[in-house]
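The structure appears right after this line, and notes come after that.
2 protein chains.
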Amino acid sequence: MVGGGQLARMTHEAGIPLGINFKVLSDTPQDSAAKVVGEVVIGDYRDLDTLRAFAQGCDVITFDHEHVPTEHLRALEADGIPVRPGPDALVHAQDKGVMRARLTELGIPCPRHRIVADPADVARFAAEEAGGFPVVLKTVRGGYDGKGVWVVDSAEDAAIAQPFLAGVPVLAEEKVDYTRELAANVVRSPHGQAVAYPVVESVQVRGVCDTVIAPAPGLPDELGAAAQQLALRIAAELNVTGHLAVELFETTDGRVLVNELAMRPHNSGHWTQDGAVTSQFANHLRAVLDLPLGDPRPRAPWTVMVNVLGGDYPDMYPAYLHCMARDPGLKIHMYGKDVKPGRKVGHVTTYGDDLSEVRERARHAADYLRGTIDE
Amino acid sequence: MVGGGQLARMTHEAGIPLGINFKVLSDTPQDSAAKVVGEVVIGDYRDLDTLRAFAQGCDVITFDHEHVPTEHLRALEADGIPVRPGPDALVHAQDKGVMRARLTELGIPCPRHRIVADPADVARFAAEEAGGFPVVLKTVRGGYDGKGVWVVDSAEDAAIAQPFLAGVPVLAEEKVDYTRELAANVVRSPHGQAVAYPVVESVQVRGVCDTVIAPAPGLPDELGAAAQQLALRIAAELNVTGHLAVELFETTDGRVLVNELAMRPHNSGHWTQDGAVTSQFANHLRAVLDLPLGDPRPRAPWTVMVNVLGGDYPDMYPAYLHCMARDPGLKIHMYGKDVKPGRKVGHVTTYGDDLSEVRERARHAADYLRGTIDE
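Line by line, the protein sequences are chains A and B. Under our numbering, the first residue of the first sequence is numbered 3, with each subsequent residue one higher. Under our numbering, the first residue of the second sequence is numbered 3, with each subsequent residue one higher.
Set out below in structure tokens:
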């Protein structure tokens with residue numbers, strides 16, 4: 003796996019029972035995965051020679067992020083190394099412009115959008131297609147966790163937005179009138195087997211995933227099934243191998259629109275470690291290794307995951323003890339990272355029959371670990 | 003953790019979400035744990051200097067087997083390294099003579115037993131205490147998986163039994179009239195917090211654990227609770243830290259007698275990985291690190307674990323594919339070991355509402371992986 007973050011760490015964890023010899027290419031020995039994986043190579047994924055040396059002896063290459071340059075992936079494929087997901091699929095998770103164009107071509111519902119060259123273009127898009135301002139601007143590459151996204155209220159606002167100042171390609175989108183965000187997560191094998199997890203609700207705080215509730219409360223069955231079908235269709239049409247997260251807006255008029263795609267294990271699927279028969283990490287590995295996929299069904303009526311962000315106290319240990327003592331059924335997942343304010347350093351999961359109780363337990367633990375509550 | 007077998011491998015897996023930096027002392031780089039653990043030291047646990055160097059920087063030392071010499075453990079303690087379980091507890095899992103003497107002193111029901119010096123002693127024990135032959139002979143140290151145990155039908159049989167030929171201390175025990183074997187597994191912290199898993203049935207084939215059913219079918223509630231109390235009492239009296247497996251005989255007259263003790267994660271607890279809220283591996287780590295313990299309750303009405311033994315075919319991969327495709331809910335746990343006939347190379351777990359179906363699924367997968375069935 004290229005990338006040594008927490009996704010690689012948790013993929014290794016899932017690979018141990020499968021008997022998989024897991025190797026990671028990590029930026030530094032302090033990275034989350036590098037601390038626990040048996041075979042660690044330290045190097046820069048942007049360097050083709052480093053990637054080539056890393057790929058020696060691997061049956062397949064996969065990723066914990068979308069940042070490996072497409073031309074490097076093609077070079078590895080030309081060397082005979084299976085790359086999963088492949089570059090032709092992955093580009094749709096790397097480039098929002100390519101993604102929007104392709105999904106629109108496939109007739110898949112998306113927010114109205116246009117690649118814009120300058121603030122005047124944004125104003126035209128707002129007037130002609132988006133029903134006026136506000137408009138959402140996104141860098142087509144490199145954004146994550148709310149980075150690379152701006153909501154602008156006027157052409158003047160757009161003129162001072164960072165992407166234009168930086169001179170990178172910009173995608174303008176209508177600001178969708180949505181009630182909540184959902185995620186439809188599926189896993190697909192090279193030979194086309196696919197499984198769909200229950201559609202979940204994803205609650206974002208300041209652009210960062212905060213809480214995931216599985217399944218999405220009150221989601222009409224037809225809409226849930228339609229969202230799963232949509233995700234399965236995208237996986238098939240784009241020839242995705244591995245885990246595909248389709249982030250969705252549920253609109254006030256009862257439709258779903260595609261927001262983003264991710265082709266790797268995804269924060270909206272962390273609940274599956276404790277809440278599903280087969281976790282997203284295990285199924286991602288099974289898919290990229292072309293093994294038969296595991297059962298994606300939930301194990302409990304409700305599972306809630308809340309991210310643990312770093313707070314003002316670098317030493318999380320006393321809070322970690324407290325949370326374990328307070329709730330013996332709490333599932334803690336720490337990433338082995340130094341605590342910095344706002345940094346994702348872990349997540350907690352709870353499950354059970356009563357959603358409000360399950361949600362309150364996870365919420366309390368995450369807040370206590372962050373230090374925003376002290377009892 | 004001292005020892006690089008599958009128990010260390012699975013303990014590492016359980017330590018990743020807890021954020022634990024896990025280091026293993028392994029005999030060879032090919033050992034089960036050495037293939038997946040981030041920090042591996044290759045060395046001989048019988049050598050004190052090796053142990054001392056390994057212990058540098060560790061917060062606590064624990065074990066995947068009972069074979070570290072007691073005097074070495076005392077030396078580590080004298081160096082100021084916490085050793086859990088400590089040598090005074092561990093000796094009861096290392097030496098069956100010490101274990102029997104102590105449990106008897108505590109009034110804990112055991113088979114009738116005597117340390118015997120020679121075949122004449124065995125004959126006297128048979129006549130005076132065991133109700134005649136057959137009698138079970140055990141080497142007091144070093145036995146496992148049926149090794150170091152002999153059933154003898156006469157003094158003549160005893161005379162040719164290996165332990166006397168080898169000149170090692172021998173424990174003679176009555177051959178208990180039991181209906182089945184049970185295991186009561188508990189975990190205890192240094193400060194005395196303890197949890198008890200449901201009592202399980204353990205089915206042995208030729209002295210090797212084959213199947214574990216959780217909870218033990220048809221076990222009267224009072225007997226189950228009594229067995230849990232017994233295990234908790236042993237853990238407290240012997241000052242055990244970590245996981246304690248108490249292997250029991252359920253007798254034809256409705257009592258339980260202690261067969262063996264193990265002070266580490268144990269084969270009779272593997273079902274907890276998929277079948278309990280907190281696995282034995284996670285709770286062993288939580289105990290030895292003096293973290294609050296996790297909920298030991300089962301997640302499903304029935305969980306069945308069956309060991310996968312190596313068969314005649316060294317390449318298990320086609321069978322592994324077949325089993326995953328046939329049963330997407332099957333939980334496979336491979337140890338990364340080369341396949342040799344009769345060697346434990348993994349286990350499978352299934353869970354659900356219907357015991358016979360759950361058991362059949364696990365049985366089928368284990369037999370298919372071994373190669374004793376082909377459909």
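Think of the CB as a built atom: it goes at the ideal place given N, C-alpha and C, for glycine as much as any other residue.
A/Y370 (DSSP reduced to helix, strand or coil): helix
Answer with buried or exposed for A/D97, where buried requires no fewer than 16 other C-beta atoms within 10 angstroms of its C-beta. buried
For the region 27-60 of chain B, enumerate the residues whose C-beta is nearer than 8 angstroms to any C-beta of chain A, in chain order. A36, K37, V38, V39, G40, V42
Whose CA, out of B/A36, B/L105, B/G5, B/H69, lies closest to the CA of B/E239? B/L105
Please confirm whether B/L234 and B/I110 have their CB atoms less than 8 angstroms apart. no
Output, in chain order, the set of chain A residues within a Cβ distance shorter than 7 angstroms of B/V279. G331
Where does A/C211 fall in DSSP's three states? strand
DSSP puts A/M307 in a beta bridge; with which residues? A/V214, A/T351
Name the residues in the region 304-329 of chain A whose C-beta lies less than 7 angstroms from a C-beta of chain B; which are they? L323, M326, A327
Taking CB distances under 8 angstroms as the criterion, tell me whether A/H272 reaches chain B. no
Positions along the region 237-253 of chain B whose CB lies within less than 7 angstroms of some CB in chain A: none
Below 9 angstroms on C-beta distance, what does A/R345 contact in chain B? Residues of chain B passing the Cβ test: none, with the nearest at roughly 14 angstroms.
If we define contact as Cβ-Cβ less than 8 angstroms, is B/M336 a contact residue for chain A? yes
Can you give me the Cβ contacts of A/A218 inside the same chain, cut-off strictly under 6 angstroms, excluding the 5 residues immediately before and after it? L184, V201, V202, E203
B/R361 and B/D66 - do their beta-carbons sit closer together than 8 angstroms? no
Hey, out of B/L221, B/D179, B/D317, whose CA is closest to B/D255's CA? B/D179
8 angstroms Cβ cutoff, B/E15 in contact with chain A: yes
Tell me which residues share the same chain as A/M326 and place their Cβ nearer than 8 angstroms to its Cβ, disregarding the 5 neighbours each side in the sequence. L332, I334
Going by DSSP, what residue range makes up the beta strand (DSSP E) through B/L221? Neither: B/L221 is in no beta strand (DSSP E) and is coded neither H nor E.
Compare the C-beta of A/N2 against all C-beta atoms of chain B and say whether one is closer than 8 angstroms. Any property of residue 2 of chain A remains undetermined from this structure, which presents chain A solely from 3 to 377.
Which class does A/H14 belong to by DSSP, given the choice of helix, strand or coil? helix
Can you tell me the Cβ-Cβ gap for B/C60 and B/I83, rounded? I've got them flagged as a contact below 8 angstroms. 6 angstroms
Do you know offhand how far A/F56's Cα is from A/V42's? 10 angstroms
Looking at the structure shown, is A/N187 part of a helix, part of a strand, or coil, going by DSSP? strand
Name the chain A residues that come within less than 8 angstroms of B/L20, Cβ to Cβ? I334, M336
Among the candidates A/V214, A/R126, A/G99, whose CA atom is the shortest distance from the CA of A/G277? A/V214
Spatial distance of B/H268 from B/A247 (CA atoms): 6 angstroms
Member of A/Y319, A/D81, A/T274, A/P222 whose CA lies at the smallest distance from the CA of A/R54: A/D81
Return the CA-CA distance between B/D292 and A/A367, expressed in angstroms with no decimal places. 19 angstroms
Spell out whether any CB of chain B is found under 8 angstroms from the CB atom of A/R11. yes
Any idea if B/I162 is buried or exposed, counting beta-carbon neighbours within 10 angstroms, 16 or more meaning buried? exposed
Just checking, does the region 4-14 of chain B make contact with the region 32-41 of chain B on the three C-beta pairs under 8 angstroms criterion? yes
How about B/P316 and A/E15: are their beta carbons less than 8 angstroms apart? no
Leaving aside the five residues before and after A/G134 along the sequence, list all residues of the same chain whose C-beta is less than 7 angstroms from its C-beta, in chain order. A128
So A/H94 is in the alpha helix (DSSP H); what residue range does that whole segment cover? 89-96
Output the residue ranges of the alpha helix (DSSP H) runs that lie fully inside the region 17-88 of chain A and measure 4 residues or longer, sorted by chain position. 50-57, 72-80
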